[in-house]
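The sequence shown maps to residues 1 to 286 in UniProt numbering.
In what follows, a single structure is set out as structure tokens and then discussed.
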Amino acid sequence: MTDFPVVESVPALRARLKDFRNKGEKIALVPTMGALHDGHLSLVQEARRHAERVVVTIFVNPAQFGPSEDFAKYPRTLPSDLEKLASVQADLCFAPTMEAVYPPGFSTRVEVDGPARADLEDRFRPTHFCGVATVVAKLLNQAQADVAVFGEKDYQQLLVIQRLARDLDIATEILGAPTLREADGLAMSSRNVYLSKAERAAAPALYAALNEAARLIGAGEAIEATLARASAALGEAGFLPDYIEARHAKTLARIAGRRDGPIRLLAAARLGATRLIDNLAVTHEA
Ligand code: PAF
């Protein structure tokens with residue numbers, strides 16, 4: 001068991017952060033739900049580029065799971081998470097108790113419009129972004145860090161959090177960090193552990209479909225027809241696609257053609273009982 005420092009309450013967090021600030025050190029926050037993998041550790045490394053101190057939060061937030069989703073079985077691996085945080089020289093883990101986040105009588109919800117109602121993840125998980133926005137607003141307030149880093153893997157989430165921070169005048173700068181992938185292209189995710197061996201073998205088809213669609217759209221192929229072929233390819237690989245769409249990269253607005261870009265492709269698809277999401281930028285060929 002590592003002796004990596006963990007605090008569980010807001011006063012304890014703030015006392016540690018005060019020590020850092022008194023030394024003139026900048027603070028970066030990396031909010032997570034734990035079950036840390038190399039993708040999370042790359043967020044810690046990105047955070048380190050912006051601040052002397054990196055604080056990682058670990059909290060499996062019930063409010064962002066729908067009633068039929070995996071809150072109960074979501075992997076909880078705190079001891080090994082702490083070892084991983086020590087291995088990348090993070091400075092502190094904030095693993096708040098349920099009471100520290102949702103004390104008795106808690107009655108506030110943060111509802112973001114705009115990117116949270118883009119008809120992508122929100123179509124399939126209607127209460128998800130309210131749960132995310134509420135907990136992230138709390139974590140940002142609790143820490144009042146200089147920067148906070150979120151993965152581009154959850155691209156819609158990143159835009160929702162940037163919108164939230166702007167709208168509520170939260171002073172923490174919200175930064176996105178690129179998705180880390182397995183050697184075969186599968187985006188790293190804590191939920192990949194749910195995949196059976198056969199599903200794991202099929203899973204890289206999601207990135208492959210996005211990659212091929214991004215290449216073709218970047219080369220000038222018609223967007224709708226290309227995405228229809230990508231969706232069919234996903235079906236052939238054993239996925240049940242929820243959506244695969246081309247949207248404006250900054251607003252998630254629907255686009256009519258390449259000139260409406262910059263374009264981000266976003267996809268979600270179910271493989272057996274596991275739902276995977278991924279996204280990719282379209283870069284235009286010269
Ligand atoms: O991306 C996640 O892990 C979660 O949605 C977050 C941002 C930590 C909020 O619970």
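Beta carbons: idealized from backbone N, C-alpha and C, even for Gly.
query: State the DSSP-derived secondary structure class of residue 242, mapped to helix, strand or coil.; result: strand
query: Return the Cβ separation of residue 308 and residue 10 in integer angstroms, given the expectation that the two are a contact with Cβ distance under 8 Å.; result: Since the first residue shown for the chain is 1 and the last is 286, residue 308 is missing from the structure and cannot be characterised.
query: Suppose you measure from the CA of residue 171 to the CA of residue 146; what does that come to, to the nearest Å?; result: 7 Å
query: Comparing the C-beta of residue 132 with each C-beta of chain B, is any distance below 9 Å?; result: You won't find chain B in this structure, because it holds only one protein chain.
query: Residue 42 and residue 126 - do their beta-carbons sit closer together than 9 Å?; result: no
query: Is the beta carbon of residue 141 within less than 8 Å of some heavy atom of ligand 1?; result: no
query: Would you call residue 291 buried or exposed, if buried means 16 or more other Cβ atoms sit within 10 Å of its Cβ?; result: The chain is shown only over 1 to 286; residue 291 falls outside these bounds and no answer can be derived.
query: Helix, strand or coil, according to DSSP, for residue 161 in the structure here?; result: helix
query: Taking the C-alpha atoms as reference points, what is the distance between residue 35 and residue 227?; result: 32 Å
query: Since residue 31 is in the beta strand (DSSP E), which residue starts that stretch and which ends it?; result: 27-32
query: Could you tell me which residues DSSP puts in a beta bridge with residue 248?; result: 263
query: Do you know whose CA, among 114, 48, 53, 284, lies nearest residue 19's CA?; result: 53
query: Please determine, among 280, 12, 282, 276, the residue with the shortest C-alpha to C-alpha distance to residue 143.; result: 12
query: Is any non-hydrogen atom of ligand 1 found closer than 8 Å to the C-beta of residue 274, if you look at the structure I gave you?; result: no
query: Buried or exposed for residue 46, going by 16 or more other Cβ atoms inside 10 Å?; result: buried
query: Checking 9 Å against the spacing of the C-beta atoms, do residue 280 and residue 270 come in under that value?; result: no
query: What is the C-beta distance between residue 252 and residue 156, in whole angstroms, given that I count them as a contact (C-beta under 8 Å)?; result: 6 Å
query: Are there three or more Cβ pairs, one per stretch, closer than 8 Å when the region 212-226 is compared with the region 187-199?; result: no
query: Are three or more beta carbon pairs between the region 103-120 and the region 236-249 nearer than 8 Å?; result: yes
query: Which residue's Cα is closest to the Cα of residue 113: 78, 67, 167, 49?; result: 167
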